[in-house]
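Report on the structure given below.
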Amino acid sequence: MSVSEDRTAQPSVQPAGTAAGIADPAPLGLAAFALTTFLLSATNANWTNAATGSAWLGYAFAYGGLCQLLAGMWEFRNRNVFGATAFSTYGGFWIGIGLWALLVAPHASGGSAISHDLGWILLAFAIFNTYMLILSAQANMAVFLVFLTLEITEIVLFIGNFAVNNTIIHIGGYIGILTALVAWYTSAAGVANGVGGRVKLPMGKAPLA
Numbered sequence: 001m002s003v004s005e006d007r008t009a010q011p012s013v014q015p016a017g018t019a020a021g022i023a024d025p026a027p028l029g030l031a032a033f034a035l036t037t038f039l040l041s042a043t044n045a046n047w048t049n050a051a052t053g054s055a056w057l058g059y060a061f062a063y064g065g066l067c068q069l070l071a072g073m074w075e076f077r078n079r080n081v082f083g084a085t086a087f088s089t090y091g092g093f094w095i096g097i098g099l100w101a102l103l104v105a106p107h108a109s110g111g112s113a114i115s116h117d118l119g120w121i122l123l124a125f126a127i128f129n130t131y132m133l134i135l136s137a138q139a140n141m142a143v144f145l146v147f148l149t150l151e152i153t154e155i156v157l158f159i160g161n162f163a164v165n166n167t168i169i170h171i172g173g174y175i176g177i178l179t180a181l182v183a184w185y186t187s188a189a190g191v192a193n194g195v196g197g198r199v200k201l202p203m204g205k206a207p208l209a
């Protein structure tokens, strides 16, 4: 989930001489992450009572999963190890959570078992996200804020799921919506800056630059 406003500012990013003709895949990966996160977070925040509550599921495979995974593969082509690792991992997260929802959750023995499953999944990704958050502080402020809000989201949600506490999960949903908005902004900034026109969106100085 990195945006190449300044590739040299990113941790372990591509060296000089990047392959010509490869567009920055980060805005796509960020948009895919943002939309799917928004849909699931809206459910967690209890906004979707009049809907099925599963609007996020198809997009977990097609957009947050597949498109983000493709963005990660293109980041490998760009020799951007940070973006490749982040996008590929969270693409796998969305595909995995989709498969869990379809194949495992319907056969769970009860609601607490489902919550505890989600708690373990979110705890595992929070561990991954912790070192990515630290390394994102060398990129730019927008990218850092994506990982910071995501870190808080995952921590609140795994606590809520382990405690089987809907109030905490709802709070996590609201923080997840904020995470999606930050990721959408960072995606929009990457697109705007990539177009090279008059519209430029600031991404801020890296906290550890």
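When we follow this note's numbering, the leftmost residue of the sequence shown carries the number 1, and every step to the right adds one.
Using N, Cα and C, we set each Cβ at its ideal position, and we do this for glycine too.
- Task: Count the other C-beta atoms from every protein chain shown that fall within 10 angstroms of the C-beta of S109, then say buried if there are 16 or more, exposed otherwise.
- Result: exposed
- Message: Give me, in chain order, the residues of the same chain whose beta-carbon lies closer than 7 Å to that of T18; leave out the 5 immediate sequence neighbours on both sides.
- Response: Confidence at T18 is low in this model, with a pLDDT of 43, below 50, so its placement is unreliable and no value can be given for it.
Check your understanding: Run through DSSP, which three-state label would D6 get?
Key -> Note that D6 scores a pLDDT of 43, beneath 50, so its modelled location is shaky and nothing firm can be said.
Applying the criterion that 16 or more other CB atoms from any shown protein chain within 10 Å of the CB defines a buried residue, is T179 buried or exposed? buried
Who are the near neighbours of K200 in its chain, counting only those whose CB is closer than 7 Å to its CB and skipping five residues on each side? A192 and N193
Quick check: what's the CA-CA separation for A84 versus S187?
16 Å
Which of helix, strand or coil DSSP assigns to I92 = The residue you asked about is not Ile; residue 92 is Gly in the sequence shown. The answer is helix: DSSP assigns G92 an H, G or I state.
Report yes if the CB atom of I168 is closer than 7 Å to the CB atom of I152, and no otherwise.
no
- Message: With a threshold of 8 Å, are at least 3 pairs of Cβ atoms found where one atom belongs to the segment 96-106 and the other to the segment 129-143?
- Response: no
Helix, strand or coil for N161 per DSSP?
-> helix
**Asked** When the Cα of A170 is compared with those of N44, S115 and L122, which residue comes out closest?
**Response** The amino acid at residue 170 is misidentified as Ala; the sequence shows His. Checking every option, the nearest Cα to that of H170 belongs to N44.
Can you give me the Cβ contacts of F61 inside the same chain, cut-off strictly under 8 Å, excluding the 5 residues immediately before and after it?
-> W94, I95 and G98
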